[in-house]
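Encoded as structure tokens, the structure appears first; notes follow it.
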Amino acid sequence: MGENSVGTEFRICTKCGYHRGFHVYFKKLQEGKAKIGLICPNCGQSFDIGWITSDIPAIDPEKGQVFER
Ligand SMILES: [Zn+2]
4 MGENSVGTEF RICTKCGYHR GFHVYFKKLQ EGKAKIGLIC PNCGQSFDIG WITSDIPAID
64 PEKGQVFER
């Protein structure tokens, strides 16, 4: 398998080739269910990997620790 193939790992953007993983976004689907999608931090391409969770009752983020760069 080449570096860009999606096999056991999805880490490389298939649009631009960025290889250091993805940001995530959350989209509320219905009460108690949210979709988790991925966004390439380099080119902005979003990916739907069919990741749906019922573990997020509402999209209401609380601020946590700030990690220095
Ligand atoms: Zn990309």
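Using our numbering, read the sequence shown as starting at 4 and increasing by one per residue.
Heads up, the beta-carbon is just placed ideally off N, CA and C, and yes, glycines get one too.
Just so you know, these numbers come straight off a predicted model, no measurement behind them.
May I ask you to check if the CB of residue i is nearer than 8 Å to at least one heavy atom of ligand 1?
i	result
Lys18	yes
Tyr28	no
Gly24	no
Gly47	yes
Would you say residue i and residue j are within 9 Å of each other, going by their C-beta atoms?
i	j	result
Ile42	Tyr28	yes
Pro44	His22	no
Pro60	Gly40	no
Does DSSP put residue i in a helix, a strand or coil?
i	result
Val69	coil
Thr56	strand
Tyr28	strand
Report buried or exposed for residue i, applying the criterion of at least 16 other Cβ atoms within 10 angstroms of its Cβ.
i	result
Ala37	buried
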